[in-house]
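Trainee:
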Amino acid sequence: MPSHHRYSQYFPILFLLADLVCLNIGIFLANEYRFGYLVPSKDYQLLQLILNAVWIGVFFSSNLQRINRNSRLLDHLNKVLTGLVINLSIVFALWFALQPVDYSRKYLFVTYLVFTILILGWRSVWHYLIRYYRIQGYNIRKVVIIGKGDLSDSLTQYFKETPELGYQLAGIVDDNDSADARLNEFEDFTINKEADIVFCCLPHLTDDQVKDVIDFAENNLIKVNLISQFSRLANYNLSIEQFGNIPIINVNTIPLDSMVNRFIKRSFDIVFSSIFILLIFSWLVPIIGILIKMESKGPVFFKQKRHGKDNQGFMCWKFRTMTYQKNAEFKQATKNDNRITKIGAILRKTSIDELPQFINVFLGDMSVVGPRPHPIKLNEEFQPKIDRFWQRHAVKPGITGLAQARGFRGETAELSDMSGRVKLDRFYVKNWSLILDLKIIILTAMSIIKGDQNAY
């Protein structure tokens, strides 16, 4: 049984205390900003107690105390951001239910702004410090691999290339002359090496041998990981499902299949679109509407049926940017298109014409971030020509997307233009995270500020 001392048992309490320190610093600074003194008054001490209690509940329910040593920094921060969104959803729900008019909204905003910055900051520092600590030879997990072959060689090479993960190969067990021990010596070898983890290469072991390894490991508090030929499907999103007593590997899992992730994304969409509609859209529509009407006859808004999630049709809204022709046949906008009005050219260049789609977001047809919804005729044209084209419709379409943030905007005159756009859309579908959404929003804003030559 492994005898070296473990400090990871103290991580949950350490993480919780550090998070609460960040939250309460946010509370104190919000109090200083709003009222001019650090320590909250008696009424706000009750709010402080509630905010701390909510975070403790979210902390444990979201497993924020569990950090996989194989996780990237982005994976870690995305998990924290997910917890923050859940926390804010609970706080806002309580706020609207109880309607505490005596409490300041600015106070809450500053609290969570500071809390978000501090918690992401300290956890980023921790991520790099613990990895540096492992490179120095501490916080190590000793590994025994059973089965000599290509899979074990690849795993050994991975351990050598990533010392920051803290895996140390204790030896390889196989009935092979190049192995460190024979299969019948596995138990004694593993105990003597004080191994923490055993990796079983399934192609080299029978079912009975695997069962014996698992039984031995469980009796000695050693973790067991199984490696199979399915490891070659690393580029696919794999998950294991249970059909009765039969484990099934699903190769088409995406992050937004998770109900929790869908809740996080929908909550973000509702909050973001509500704020935009109330603070900007409410006064922007009359101004844009008057300008559109002054230049040309026709409606202020342009509505067109497009494909959404699971290819379900929905009515997509935009500000009208072209001269109005009733029942006009679809034709993609091109550079110097004479149908585009003067005000329409400005709206398209600045992407203001897309802003009515926040209504689509609020109604649930679209998301703030996702693959852009194409006109149906455009989908019908390119779908037969591009492999896995429909995968982009596995999630809700967005006002902006990874493809648009990376410069794939405007006309898709060439197959390569659409192919590049779809490739980035598929990447987004397979790798969604809240951090990726925020990154895309920032990149889109920067692109609009700088100007995009493809926006016409």
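For the sequence shown, the numbering used here begins at 1109 and goes up steadily by one.
Heads up, the beta-carbon is just placed ideally off N, CA and C, and yes, glycines get one too.
Just so you know, these numbers come straight off a predicted model, no measurement behind them.
For the beta strand (DSSP E) containing W1425, name the first residue and the last one.
Mentor: Counting along the chain, the beta strand (DSSP E) containing W1425 begins and ends at 1421-1427.
Trainee: Quick test of the definition: if touching needs 3 or more C-beta pairs under 8 Å, does the region 1450-1457 touch the region 1486-1493?
Mentor: No, because fewer than three Cβ pairs between the region 1450-1457 and the region 1486-1493 fall closer than 8 Å, the two stretches do not touch.
Trainee: Classify A1625 as helix, strand or coil using the three-state DSSP reduction.
Mentor: With the chain represented from 1109 up to 1564, any question about residue 1625 goes unanswered, as that position is not in the structure.
Trainee: Less than 6 Å between C-beta atoms, sequence neighbours within five positions excluded: which residues of the same chain meet that for F1167?
Mentor: Cβ within range, chain order: L1124.
Trainee: Leaving out five residues on either side along the sequence, give the residues of the same chain with a beta carbon under 8 Å from the beta carbon of L1128.
Mentor: Same-chain partners within the cutoff: N1160, W1163, I1164.
Trainee: Report the residue from I1372, K1405, I1398 whose alpha carbon sits nearest the alpha carbon of S1170.
Mentor: Considering only alpha carbons, the answer is I1372.
Trainee: Checking 9 Å against the spacing of the C-beta atoms, do Q1412 and P1483 come in under that value?
Mentor: Yes; because the gap between Cβ atoms is below 9 Å, this pair is in contact.
Trainee: Let's test the definition: count the other Cβ atoms within 10 Å of the Cβ of M1109 and tell me whether it reaches 16, buried, or not, exposed.
Mentor: Because the pLDDT at M1109 is just 42, under 50, the model does not fix this residue reliably, and the point stays unresolved.
Trainee: Using the rule of at least 16 other Cβ atoms within 10 Å of the residue's Cβ for burial, across every protein chain shown, is F1223 buried or exposed?
Mentor: The residue in question, F1223, is buried, as its Cβ has 16 or more Cβ neighbours within 10 Å.
Trainee: Run through DSSP, which three-state label would P1483 get?
Mentor: Strand, per DSSP.
Trainee: So, does the region 1201-1211 touch the region 1243-1257, judging by three or more C-beta pairs under 8 Å?
Mentor: Verdict: no, contact absent.
Trainee: Name, in chain order, the residues that DSSP records as bridge partners for S1475.
Mentor: Looking at the DSSP assignment, S1475 forms a beta bridge with G1506.
Trainee: From the DSSP output, which residues share a beta bridge with R1142?
Mentor: DSSP, once it has assigned bridges, lists no residue as partnering R1142.
Trainee: Just list the residues that DSSP pairs I1305 with in beta bridges.
Mentor: Note: I1305 sits in a beta bridge opposite V1251, K1331.
Trainee: Taking buried to mean at least 16 other C-beta atoms within 10 Å of its own C-beta, is N1178 buried or exposed?
Mentor: Exposed.
Trainee: Report buried or exposed for W1498, applying the criterion of at least 16 other Cβ atoms within 10 angstroms of its Cβ.
Mentor: So W1498 ends up on the exposed side.
Trainee: Do you know how far the Cα of F1466 is from the Cα of I1398?
Mentor: In a straight line, the C-alpha of I1398 is about 20 Å away from that of F1466.
Trainee: Looking at C-alpha atoms only, which residue of G1274, N1292, G1506 is the closest neighbour of V1281?
Mentor: Checking every option, the nearest Cα to that of V1281 belongs to N1292.
Trainee: Decide if V1469 is buried, meaning its Cβ has at least 16 other Cβ atoms within 10 Å, or exposed.
Mentor: Buried, since its Cβ has 16 or more Cβ neighbours within 10 Å.
Trainee: Please determine if the region 1129-1137 and the region 1225-1241 are in contact, where contact requires at least 3 C-beta pairs separated by less than 8 Å.
Mentor: At 8 Å Cβ cutoff, the stretches touch.
Trainee: What whole-angstrom Cβ distance do R1375 and V1251 have, given they're in contact under 8 Å?
Mentor: It is worth fixing the name first, because residue 1375 is Ser in this sequence and not Arg. Not really, about 40 Å apart at Cβ, beyond 8 Å.
Trainee: For L1157 and A1201, what's the separation of their Cα atoms in angstroms?
Mentor: Distance between the alpha carbons of L1157 and A1201: 17 Å.
Trainee: If T1053 and S1404 are in contact, beta carbons under 8 Å, what's the gap, nearest whole angstrom?
Mentor: Examination of residue 1053 is not possible in this model, given that the chain is present from 1109 through 1564 alone.
Trainee: Under DSSP, the alpha helix (DSSP H) around K1450 begins and ends at which residues?
Mentor: Run containing K1450: 1450-1458, per the alpha helix (DSSP H) assignment.
Trainee: If you check the beta carbons only, do G1416 and K1504 fall under 9 Å apart?
Mentor: Yes, Cβ-Cβ distance for G1416 and K1504 is below 9 Å.
Trainee: So the beta strand (DSSP E) R1242 belongs to, where does it begin and stop?
Mentor: No beta strand (DSSP E) contains R1242, which is instead part of the alpha helix (DSSP H) from 1213-1243.
Trainee: Could you please give me the residues that DSSP links to M1430 through a beta bridge?
Mentor: According to DSSP, which records beta bridges pairwise, M1430 is partnered with I1448.
Trainee: Expressed to the nearest angstrom, what Euclidean distance is found between the alpha-carbon atoms of M1367 and G1472?
Mentor: If I take the Cα positions, the gap works out to 15 Å.
Trainee: Given the structure, does L1387 come close to the ligand GTP, in the sense that its CB is under 8 Å from one of the ligand's heavy atoms?
Mentor: Judged by which ligands are present, the structure shown has none, so any question about the ligand GTP falls away.
Trainee: Just to check my reading of the structure: A1303 and A1278 have Cβ atoms closer than 8 Å, yes? What is that Cβ distance to the nearest angstrom?
Mentor: Confirmed, Cβ separation roughly 5 Å.
Trainee: Tell me the residue span of the beta strand (DSSP E) that contains V1281.
Mentor: First-last of the beta strand (DSSP E) with V1281: 1275-1281.
Trainee: How about F1267 and I1175: are their beta carbons less than 9 Å apart?
Mentor: Not in contact: F1267 and I1175 (Cβ atoms no closer than 9 Å).
Trainee: Does the beta-carbon distance from Y1241 to G1134 come in below 9 Å?
Mentor: No, these two residues do not count as a Cβ contact at 9 Å.
Trainee: Report the three-state DSSP secondary structure of N1369 (helix, strand or coil).
Mentor: Residue state, collapsed to three classes: helix.
Trainee: Mind checking whether A1513 and K1547 have CB atoms under 9 Å apart?
Mentor: For A1513 and K1547, yes; Cβs fall inside 9 Å.
Trainee: Would you kindly report the start and end of the unbroken alpha helix (DSSP H) that includes F1297?
Mentor: F1297 -> alpha helix (DSSP H) spans 1294-1300.
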